[in-house]
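In the working numbering, the protein residues as written are 221 to 908. The C-beta atom is built at its ideal place from N, Cα and C for all residues, glycine as well. The block underneath contains the structure these notes are about, expressed in structure tokens.
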Amino acid sequence: MSGTASALQFPNEGDLAQTSDLSTPKGTDTRQPQRPSGPIPIPSNKTANGESDMQYGSQTQVVDLTASDIQDSSRDLGEMRSPQPTSLAQIMSTNKFSLTTPPSSPGASYPPALQLEYSSSAPMPQTPKPHTVQFGDPDVPSHLYTRLPSHFLHKEEGSDELVPDYMRMILLSKVYSPPLNLKETPLTLAVNLSGRLGCEVWLKREDLQPVFSFKIRGAYNLMASLTKEERWKGVVTCSAGNHAQGVALAGYHLKIPCTIVMPTGTPSIKWRNVERLGAKVVLHGQDFDEAKTECARLAKTYGLHFIPPYDDPMVVAGQGTVAVELARQIKDFESLDGIFASAGGGGLLAGISAYTKRIAPQMNVIGVETHDGDALKRSLAAGKRVTLQEVGPFADGTAVKIVGEEPFRLCKNLLDDVVLVSNDEICAAIKDVFEETRAIPEPSGALALAGLKAYIQENGLQNSGKRFVAVVSGANMNFGRLRFVAERAELGEGREVLMGVKIPEQPGSFIKLHSIIHPRATTEFVYRYSSPKEAYIITSFLLSSAPSSASGPSPEARAEEMATIQKAMAEAGMESVDLSDDEFAKSHVRHMVGGKMAVEHERIFRFEFPERPGALRKFLIGMQSDWNITMFHYRNHGADVGKILVGVSVPPWESEQWDGFVRKLGYPFVEETRNLAYNLFLGQAPSA
């Protein structure tokens with residue numbers, strides 16, 4: 221039923237020592253590509269102490285560097301203002317509990333987050349090739365087919381255009397051939413999750429690949445198809461994630477010199493993992509725009525073949541071998557009701573769709589994206605590729621601004637649906653995979669399972685007995701993120717509730733509130749005296765219909781239980797509001813309850829910035845101004861992104877000046893001045 225993943229074999233020190241000399245013979249013309257003696261086909265001059273003084277542009281370093289890049293994010297980035305606050309009772313009566321605007325709102329402002337690998341706006345490096353076939357359809361990216369041999373091209377029914385024959389290409393993929401000899405990854409039945417959902421849920425364990433990601437399939441398939449001359453010159457790519465490791469491992473097995481360009485802020489654990497696989501790491505620029513520009517320069521200057529992460533037919537075919545294995549591993553493949561895979565640039569989805577739809581056209585293939593990274597869903601709706609202004613970096617492995625040309629062509633014709641999920645739902649899916657396998661996928665790796673669960677709930681398929689597969693696409697998890705994942709998993713599952721409650725400030729009110737919640741398990745209870753008449757409490761607890769060892773309740777069951785709880789609170793003279801979907805409350809307010817203050821002209825802003833050495837100080841220096849800071853809260857979320865809450869006293873006549881100032885800071889932000897949680901727990905105290 222399932223295979224076993226191959227063990228990762230790293231090159232030994234002797235192997236690396238044989239390929240570590242990067243010196244260039246005297247008299248070499250560095251303007252022409254030269255065959256290197258080491259793993260990078262770029263000439264280098266060494267100083268007396270052995271350190272290379274080769275300059276790869278003005279900001280390049282080939283030295284050890286420890287830093288962090290941006291990965292985590294909330295759903296609502298950009299400048300967004302919430303509605304005018306109303307009384308808690310009015311809000312409860314209209315059920316308008318969410319007071320922040322989603323990221324797709326018109327007029328939202330998104331400063332660039334260039335630290336994301338696939339969100340760079342720089343042009344992709346190109347390895348020019350002469351056109352051998354003429355194409356006429358503008359929707360067909362013919363420039364991507366020029367390297368394909370004629371037997372890999374065919375005419376699809378109803379079209380005169382020659383396009384890749386993906387069935388042939390996938391079946392003839394080189395990923396299972398020497399020297400890589402890739403093994404099938406297991407297909408695991410999620411026993412507990414299947415029982416809870418009333419459906420048969422299978423996990424395709426791509427997290428057990430040698431580099432802990434499916435990316436090795438596409439990278440190896442493309443690199444194995446290179447000509448002798450292309451292999452001799454070497455390859456280059458720009459990546460700090462799974463693609464970089466896939467290219468490096470493929471290069472090691474195929475003995476192809478590899479150059480991987482990363483921003484200078486890349487954490488050392490990432491570039492060291494790539495370096496120990498034998499690739500040459502070039503650290504250049506402050507973000508992926510600058511790194512990709514340098515990658516393009518190296519490719520052009522030295523004739524290196526660029527290895528794209530998803531937008532290439534050979535890459536798509538390599539990823540499509542996932543579907544070949546599924547067809548062999550699962551009983552009665554044609555009766556499977558759906559395959560879920562993360563979207564990202566579209567390579568994995570396109571490959572799975574291309575194979576699956578040829579052998580089982582009736583089967584659903586469904587992509588999954590985050591609410592703040594829905595490039596594919598928007599593109600399919602528009603009928604053309606849409607470029608997002610900004611993407612949320614929590615699921616950084618799939619955070620793309622625009623999907624690939626060839627993947628979009630395939631998905632437009634073959635994909636059945638795209639499901640959107642929240643960061644909290646991803647955290648819940650990570651927990652599900654852990655409970656089933658004791659493995660911890662990265663956020664992008666758990667994206668497909670989060671989408672599968674959301675699809676079942678949205679379509680009322682609980683206890684339907686339908687059969688689904690979710691591709692667990694990667695497990696390169698940053699350990700520092702586990703705190704955030706554990707904190708949000710219960711909320712994402714719908715098991716836990718974060719609630720704001722106003723109770724009478726009188727003896728016995730505390731125990732009365734707890735008695736309403738009891739016997740449900742209370743996970744948080746925060747209070748500070750602020751008024752002689754009213755007390756404001758923030759609390760979280762697990763719903764009784766969903767104990768911590770079982771599945772979250774259905775939306776209907778959760779709503780019914782919440783209505784019962786809030787009715788009991790109202791009868792006891794208390795007012796309550798569900799803050800479970802309020803990012804401001806979850807990230808800041810729950811940690812800050814300490815009394816309400818009357819601060820004149822106070823405005824509240826929530827910022828996010830990439831965590832790197834000196835990032836907080838840079839933010840504080842940028843905030844230096846003539847305005848008075850009235851409140852400040854900072855928290856590091858998994859060493860990837862910093863979240864800051866700032867209160868500032870801004871007189872009305874200076875509002876326009878302040879708005880211009882805050883935009884120039886260049887950080888994603890949300891104005892929360894009218895957020896209900898702020899007004900309940902931190903804002904101006906009610907008059908006595």
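Would you say the beta carbon of residue i is closer than 7 Å to some non-hydrogen atom of the ligand COA?
| i | result |
| --- | --- |
| Leu428 | Within the structure as shown, the ligand COA is missing, as the structure has no ligands at all. |
Can you check which of these residues, the options, is closest to residue i by C-alpha distance?
| i | options | result |
| --- | --- | --- |
| Ala570 | Ile390, Ser751 and Phe839 | Ile390 |
| Leu799 | Asp385, Glu716 and Glu426 | Glu716 |
| Phe852 | Val866, Ser845, Gly842 and Gly862 | Val866 |
| Val431 | Asp509, Tyr575, Ser693 and Ala674 | Ser693 |
| Tyr747 | His738, Ser599 and Glu725 | Glu725 |
| Thr457 | Leu392, Tyr530 and Leu417 | Tyr530 |
| Ser869 | Phe881, Leu423, Ile824 and Ile841 | Ile824 |
| Gly914 | Val535, Cys419, Asp846 and Arg826 | Residue 914 falls outside the range modelled here, since the chain spans only 221 to 908, and no answer is possible. |
| Lys577 | Leu368, Pro369 and Tyr386 | Tyr386 |
| Leu407 | Lys435, Leu503, Lys632 and Val691 | Val691 |
| Glu381 | Val360, Leu368 and His371 | Val360 |
| Tyr472 | Met443, Asn462 and Arg837 | Met443 |
| Lys403 | Asp879, Cys631, Phe761 and Arg437 | Arg437 |
Just the C-alpha distance for residue i and residue j, rounded to the nearest angstrom, thanks.
| i | j | result |
| --- | --- | --- |
| Ala410 | Lys551 | 15 Å |
| Glu626 | Asp532 | 7 Å |
| Glu514 | Ser362 | 26 Å |
| Leu896 | Met817 | 15 Å |
| Ile186 | Val585 | The chain is shown only over 221 to 908; residue 186 falls outside these bounds and no answer can be derived. |
| Glu828 | Lys453 | 42 Å |
| Leu669 | Ala709 | 14 Å |
| Ile849 | Glu662 | 37 Å |
| Ala580 | Ser573 | 10 Å |
| His811 | Lys753 | 23 Å |
| Lys673 | Tyr522 | 48 Å |
| Asn696 | Gly665 | 9 Å |
| Leu568 | Ala468 | 19 Å |
| Val481 | Leu556 | 41 Å |
| Gly871 | Val689 | This sequence places Pro at residue 871; Gly is not what is there. When rounded, the distance between both Cα atoms is 56 Å. |
| Leu840 | Asn493 | 33 Å |
| His808 | Pro727 | 29 Å |
| Met719 | Ala792 | 16 Å |
| Ala601 | Asp592 | 16 Å |
| His504 | Arg517 | 12 Å |
| Val705 | Phe553 | 34 Å |
| Leu474 | Ala741 | 56 Å |
| Gly903 | His821 | 11 Å |
| Pro613 | Thr486 | 15 Å |
| Cys419 | Arg687 | 6 Å |
| Lys621 | Thr784 | 43 Å |
| Ile845 | Tyr898 | A small correction: the amino acid at residue 845 is Ser; Ile does not occupy that position in the sequence shown. Distance between the alpha carbons of Ser845 and Tyr898 is about 24 Å. |
| Leu497 | Asn462 | 13 Å |
Only counting the same chain, and skipping five residues up and downstream in sequence, which positions put a Cβ closer than 7 Å to that of residue i?
| i | result |
| --- | --- |
| Met789 | Val721, Ile736 and Ser796 |
| Leu413 | Val421, Asp652 and Glu656 |
| Val594 | Val is not the amino acid found at residue 594; the sequence shown has Asp there. Hits under 7 Å: Leu640. |
| Val623 | Gly565, Gly566, Ala595, Leu596, Ser599 and Arg605 |
| Glu376 | Val383 |
Just grab the DSSP bridge partners of residue i for me.
| i | result |
| --- | --- |
| Ser562 | Val588 |
| Leu865 | Arg826 and His853 |
| Phe526 | Val456 |
| Lys375 | Leu382 |
| Leu409 | Trp422 |
| Cys478 | Val455 |
| Thr759 | Met719 and Phe745 |
| Ala690 | Leu423 and Phe560 |
Please work out which residues of its chain come closer than 6 Å, Cβ to Cβ, to residue i, disregarding the five sequence neighbours upstream and downstream, and give them in chain order.
| i | result |
| --- | --- |
| Tyr440 | Val395, Leu400 and Ala470 |
| Ile723 | Ser729, Leu733, Ala755 and Met794 |
| Lys490 | Ala460 |
So residue i and residue j are in contact, right, with Cβ under 8 Å, and what is the actual spacing, rounded?
| i | j | result |
| --- | --- | --- |
| Phe560 | Gly671 | 5 Å |
| Thr405 | Glu545 | 7 Å |
| Val588 | Glu426 | At roughly 14 Å, the Cβ-Cβ gap does not stay under 8 Å, so Val588 and Glu426 are not in contact. |
| Leu392 | Pro384 | Between Pro384 and Leu392 the Cβ distance is about 12 Å, and since that is not below 8 Å, they are no contact. |
| Phe901 | Val819 | That belief does not hold up - the Cβ atoms of Phe901 and Val819 are roughly 14 Å apart, past 8 Å. |
| Phe804 | Arg778 | Contact flag wrong, Cβ pair sits at about 22 Å. |
| Ile646 | Ile660 | Contact flag wrong, Cβ pair sits at about 12 Å. |
| Trp878 | Trp847 | 7 Å |
Using a beta-carbon distance below 8 Å, is residue i in contact with chain C?
| i | result |
| --- | --- |
| Glu404 | Of the chains in the structure shown, none is chain C; there is only one protein chain. |
Keeping to the same chain, check which residues put their C-beta closer than 8 Å to that of residue i; ignore five residues upstream and five downstream.
| i | result |
| --- | --- |
| His525 | Thr347, Leu446, Glu450, Lys453, Gly454, Val455, Val456 and Ala519 |
| Leu364 | Asp531, Asp532, Pro533, Glu625 and Glu626 |
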